[in-house]
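Remarks on the structure that follows.
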Amino acid sequence: MLDLNFVRDNLPLVEEKLRQRGMNPAEVLKGFRELDTNRRQAITEAESLQARRNRASEEIAKLKKSGQDASAMTAETKESRDKIQELEKTAAEYETQLRQLLAGIPNLPHDSVPVGKSAEDNVEVRRWGTPPKFDFAPKPHWELGEQLGILDFERAAKLAGARFAVYWDLGAKLERALANFMLDLHTREHGYTEVLPPYLVNSDSMYGTGQLPKFASDLFRVPHGDRELWLIPTAEVPLTNLYRDEIIDGTRLPVSVTAYTPCFRSEAGSYGKDVRGIIRQHQFQKVELVKFSRPEDSYGELEKLTRDAESVLQKLGLHYRVVTLCTSDMGPSSAKTYDIEVWLPGQNLFREISSCSNFEAYQARRANIRYRREGKGKTEFVHTLNGSGLAIGRTWVALVENYQQSDGSVLIPEALQSYLGADRITARKL
RNA sequence: GGAGAGGUGGCCGAGUGGUUGAUGGCACCGGUCUUGAAAACCGGCAUACCCGGAAGGGUAUCGGGGGUUCGAAUCCCUCCCUCUCCGCCA
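Shown next, in the form of structure tokens:
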């Protein structure tokens, strides 16, 4: 959420940034001026009446203390109460509408973000490694996985339905090995603190990071008595909300946390997209990186966080590129996003494996996450960042496709061998 | 699931209808003292919103919401959360 005063004072800038995102400012900001003015008018009126009533109450107290009759005054203040309540109700209605409008405004893209109309306008910033060469036609992971007997879609469909997978044997172990490898790397070498958060969260948490109210249809909702909980679509939600409604000691910033969690996405509206393999599942596992930063440091931290995620691919020897998402392709909460895309030879394309974003104060304002600078009493909103470090399922895919051999087996890169307890995956007997 | 206790400012902790935004302590900031530091002492120190060019003024906030009252942190209702004990259970 953007700051109300900022929007009011910088309307032309907000409109320009909305246009850059490919949105229609007139539509997004429809009624802003009127709501803002009406709200303030109602507040001013209610407050001046209230002030008068408060003074009258003081008078009554004095009269009563000295034993005098105050019935004339009590009648008067009683009367003004209804009027005040009415005005307050009006003000609250305007406030609600204004907040809704404000919550619907996406974050303003940072000035360094390329302006563009679609994903085609994303800008590649660097490329690492080289694609592996094959003297045979490399297969996609779903063929390899089933041939090796480590991926089982039929039984997953029986258990849960489409967009689920069962991993067998070294396929399952590979998931676990990757998770441990990534967590160890980030906690030992990059300064992240490991966290194991709840996988179900309340609506306040989902609102804090921006999944609600807009993206409810992408989430799995779990009824709980007469309330509800939500399955996390990413550990970003519980991790960022760790400090919701808190004031962080400024000397502790930046705070960096990481967690390995399952992620649940209903993927409503993506029917027919990436139906083969495990690229797009209702459940997948991910190691997430989240940072809380001082505003002036957040873009430096974004670079670091992105490099932290990249280092996973480098240690695994996987070819990838980093792109800056253009204004139209970025998520609404983000001010700047880098996507890391890994090379998948079986499908002959680069595929997103991590998305690293700086949300500036957008989430912090929604979730009320502040910090106090040393020596200053005033609190400020922190900047929040996050990125996958990495999506385990897609890393699994990249390994299998990039390290496949002509005999259908898969070599395991050295960094991972001790975690997996094997240097090669060969077909298992079923 | 049953019984009980409690939710107050960055933290601890007073406060049971009338200048209580809220005593006190800690922490923090400034100052005196000191070669420096500590200690001691003095002073300062909540947030949001509204009006205002500013100075300043106003309103709200003691878990959330509603009610009683001229007036509520204080009384009533309701919801949420935390803790303790019992039961059940991974």
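Residue numbers (our numbering): -15 to 414. Backbone N, C-alpha and C define an ideal beta-carbon position, used for all residues, glycine too.
| request: Compare the C-alpha of Glu212 against each of Pro222, His367, Thr224, Asp188 and name the closest. | output: As a first step, residue 212 must be located in the first sequence, where it is residue number 228. When only C-alpha atoms are compared, the closest one is Asp188.
| request: Leaving aside the five residues before and after Gly175 along the sequence, list all residues of the same chain whose C-beta is less than 6 Å from its C-beta, in chain order. | output: Position 191 of the first sequence, counting from 1, holds the residue named residue 175. So the list reads Ser240, once near-sequence residues are dropped.
| For Asn386, does the count of other Cβ atoms within 10 angstroms reach 16, so buried, or fall short, so exposed? | By 1-based counting over the first sequence, the position of residue 386 is 402. Burial call: buried.
| task | With a cut-off of 8 Å on the beta carbons, I'd call Arg23 and Ala75 a contact; round off their distance for me. | result | Start at 1 with the first residue of the first sequence, and residue 23 comes out as number 39. Start at 1 with the first residue of the first sequence, and residue 75 comes out as number 91. Right, the Cβ-Cβ distance comes to about 6 Å (below 8 Å), so this counts as a contact.
| query | Taking only runs of the alpha helix (DSSP H) that begin and end inside the segment 163 to 193, which ones reach a length of at least 4 residues, in chain order? | reply | Entirely contained in the segment 163 to 193, the alpha helix (DSSP H) runs reaching 4 residues are, in chain order, 187 to 193.
| field | Helix, strand or coil at Trp152 [DSSP, three-state] | value | Residue numbering aside, residue 152 sits at position 168 when the first sequence is read from its first letter. Shown here, Trp152 sits in coil according to DSSP, grouped into three states, outside any helix or strand.
| said: Given this structure, state the Cα-to-Cα distance separating Ser341 from Tyr355, to the nearest angstrom. | reply: Indexing the first sequence from 1 puts residue 341 at position 357. Indexing the first sequence from 1 puts residue 355 at position 371. Straight-line Cα distance between these residues: approximately 20 Å.
| message | Within a Cβ cutoff of 8 Å, which residues of the same chain sit near Leu47, ignoring the five residues on either side of it in sequence? | response | For the purposes of this step, residue 47 is taken as residue 63 along the first sequence, with counting starting at 1. Here the set comprises Asp53, Ala54, Met57.
| Cβ atoms of Pro217 and Asp202: under 8 Å apart, would you say? | Numbered from 1 along the first sequence, position 218 holds the residue referred to as residue 202. Numbered from 1 along the first sequence, position 233 holds the residue referred to as residue 217. Yes, they are a contact pair.
| So, are the CB atoms of His303 and Gly113 less than 8 Å apart? | For this step, residue 303 is matched to residue 319 along the first sequence. For this step, residue 113 is matched to residue 129 along the first sequence. For the 8 Å CB-CB criterion, His303 and Gly113 form a contact.
| query | Cα separation between Arg432 and Ala399? | reply | No information on residue 432 is available, as it lies outside the stretch -15 to 414 that the chain covers here.
| Roughly how many angstroms lie between the CA atoms of Ala293 and Ile231, to the nearest whole one? | Locating residue 293 in the first sequence gives position 309, counting from the first residue. Locating residue 231 in the first sequence gives position 247, counting from the first residue. Taking the straight line joining both Cα atoms gives about 28 Å.
| Taking the C-alpha atoms as reference points, what is the distance between Gln69 and Leu169? | Residue 69 sits at position 85 when you count from the first residue of the first sequence. Residue 169 sits at position 185 when you count from the first residue of the first sequence. So the two alpha carbons sit approximately 58 Å from each other.
| said: In the DSSP output, which residue or residues are listed as bridge partners for Glu212? | reply: What you label residue 212 is simply residue 228 of the first sequence in a count that begins at 1. For Glu212, which the question treats as bridged, DSSP gives the partners Pro207.
| Where does Asp202 fall in DSSP's three states? | On the first sequence, residue 202 is found 218 positions in, with the first residue counted as 1. In the structure shown, the three-state DSSP call for Asp202 is helix.
| Can you give, in chain order, each stretch of the alpha helix (DSSP H) that sits fully within the segment 276 to 360 and has at least 4 residues? | Every unbroken stretch of the alpha helix (DSSP H) spanning 4 or more residues and falling wholly within the segment 276 to 360 is given here in chain order: 282 to 299, 346 to 351.
| Residues near Gln388 in its chain [Cβ-Cβ closer than 7 Å; skip 5 each side] | To locate residue 388, count along the first sequence from 1; it is residue 404. Residues of the same chain with a CB within less than 7 Å of the CB of Gln388, apart from the 5 flanking positions on each side, are Pro122, Lys123, Leu128, Val394 in chain order.
| query | Could you give the C-beta distance for Gly133 and Arg412, rounded to a whole number, given that I count them as a contact under 8 Å? | reply | Translated into positions along the first sequence, residue 133 becomes position 149. Translated into positions along the first sequence, residue 412 becomes position 428. Arg412 and Gly133 do touch by the CB rule: their CB atoms are close to 4 Å apart, below 8 Å.
| message | Can you look up Phe248 in the DSSP assignment and give me helix, strand or coil? | response | What you label residue 248 is simply residue 264 of the first sequence in a count that begins at 1. Correct three-state label for Phe248: strand.
| task | Go through its chain and collect everything with a Cβ distance to His431's Cβ below 6 Å, but skip five positions before and after it. | result | Beyond the ends of the chain as shown, which are -15 and 414, falls residue 431; an answer cannot be given.
| Nearest-angstrom beta carbon gap, Val(-9) and Leu86 [assumed within contact, 8 Å] | Reading the first sequence from its first residue, position 102 is the one you call residue 86. Reading the first sequence from its first residue, position 7 is the one you call residue -9. With 8 Å as the limit, Leu86 and Val(-9) qualify as a contact, their Cβ atoms being about 7 Å apart.
| request: Starting from Arg110, trace the beta strand (DSSP E) both ways and give me its first and last residue. | output: Locating residue 110 in the first sequence gives position 126, where the first residue counts as 1. Run containing Arg110: 107 to 112, per the beta strand (DSSP E) assignment.
| request: Please report how far the alpha carbon of Ala415 lies from the alpha carbon of Ser41, in whole angstroms. | output: Nothing can be reported for residue 415, as the shown portion of the chain is limited to -15 through 414.
| Minimum length 4: unbroken alpha helix (DSSP H) runs contained in the segment -15 to 47 | Counting only runs of 4 or more residues that sit fully inside the segment -15 to 47, the alpha helix (DSSP H) segments are -12 to -7, -5 to 4, 9 to 12, in chain order.
| Roughly how many whole angstroms lie between the Cα atoms of Ala149 and Arg139? | In the first sequence, residue 149 corresponds to position 165, counting from 1. In the first sequence, residue 139 corresponds to position 155, counting from 1. Their Cα atoms are separated by approximately 8 Å.
| Per DSSP, which one or two residues make a beta bridge with Asn370? | One-based indexing of the first sequence puts residue 370 at position 386. Answer by DSSP bridge pairing, in chain order: Val274, Ser341.
| query | Counting along the chain, where does the alpha helix (DSSP H) carrying Ser68 start and finish? | reply | Here the question's residue 68 lines up with position 84 in the first sequence. Sequence check: residue 68 is Ile here, not Ser. Annotation: the continuous alpha helix (DSSP H) that includes Ile68 extends over 55 to 87.
| query | Beta carbon of Asn370, beta carbon of Glu220: below 8 Å? | reply | As a first step, residue 370 must be located in the first sequence, where it is residue number 386. As a first step, residue 220 must be located in the first sequence, where it is residue number 236. Cβ distance < 8 Å, so Asn370 and Glu220 count as in contact.
| task | Helix, strand or coil for Pro243, going by three-state DSSP, please let me know. | result | As a working note, residue 243 is residue 259 in the first sequence. According to the sequence displayed, residue 243 carries Ala and not Pro. The answer is strand: DSSP assigns Ala243 an E or B state.
| said: Which residue wins for smallest C-alpha separation from Val271, given the options Thr21, Glu108, Thr379, Tyr346? | reply: One-based indexing of the first sequence puts residue 271 at position 287. Here the closest residue by C-alpha is Thr379.
| said: Quick check on the burial criterion: 16 or more other C-beta atoms within 10 angstroms. Buried or exposed for Glu173? | reply: Against the first sequence, residue 173 aligns to sequence position 189. Under this definition Glu173 is an exposed residue.
| query | Terminal residues of the continuous alpha helix (DSSP H) containing Thr218? | reply | Working through the first sequence from its first residue, we reach residue 218 at position 234. First-last for Thr218: undefined, no H or E at that position.
| task | Give the secondary structure of Leu442 by DSSP, where H, G and I count as helix, E and B as strand, and everything else as coil. | result | No information on residue 442 is available, as it lies outside the stretch -15 to 414 that the chain covers here.
| query | Which first and last residues belong to the alpha helix (DSSP H) in which Phe137 is found? | reply | If you number the first sequence from 1, residue 137 lands on position 153. Note, Phe137: alpha helix (DSSP H), 137 to 143.
| field | Through-space distance from Gly405 to Glu364, alpha-carbon basis | value | Numbered from 1 along the first sequence, position 380 holds the residue referred to as residue 364. Numbered from 1 along the first sequence, position 421 holds the residue referred to as residue 405. Roughly 48 Å separates the two Cα atoms.
| Secondary structure at Arg408, three-state DSSP: helix, strand or coil? | By one-based count along the first sequence, residue 408 stands at place 424. Here Arg408 sits in strand by DSSP.
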